[in-house]
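Participant:
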Amino acid sequence: MHERTPYQQLQPLERLTIASLHLQGSSIRAMARILRRSPATVNRELKRNSSPAGYASVPA
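When you line the sequence shown up against this note's numbering, it's residues 305 to 364, in that order.
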């Protein structure tokens, strides 16, 4: 059987890295590779904390 890895939230530094890479136009897969996270995790983070003004690493 597969052992599940424990759930771990994105750390503030990871969120800032996503914000920086997003501004630079990096792809979701490239961001995921750098962070060693699933592309789905990065995509979910961008969708969850994005607005018409852009991505906010620290939601209001």
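We put the beta carbon where it would ideally sit given N, CA and C, even for glycine.
Return the chain-ordered list of same chain residues with a C-beta closer than 7 Å to the C-beta of L327, the five sequence neighbours on each side being excluded.
Facilitator: Nothing listed; no residue qualifies.
Participant: Rounded to whole angstroms, how far is the Cβ of P343 from the Cβ of R333, which I believe are closer than 8 Å?
Facilitator: Rounded, the Cβ-Cβ distance is 5 Å, consistent with contact.
Participant: Using the beta-carbon count (16 or more within 10 Å), is A336 buried or exposed?
Facilitator: Classification for A336: buried.
Participant: Starting from E349, trace the alpha helix (DSSP H) in both directions and tell me its first and last residue.
Facilitator: Run containing E349: P343 to R352, per the alpha helix (DSSP H) assignment.
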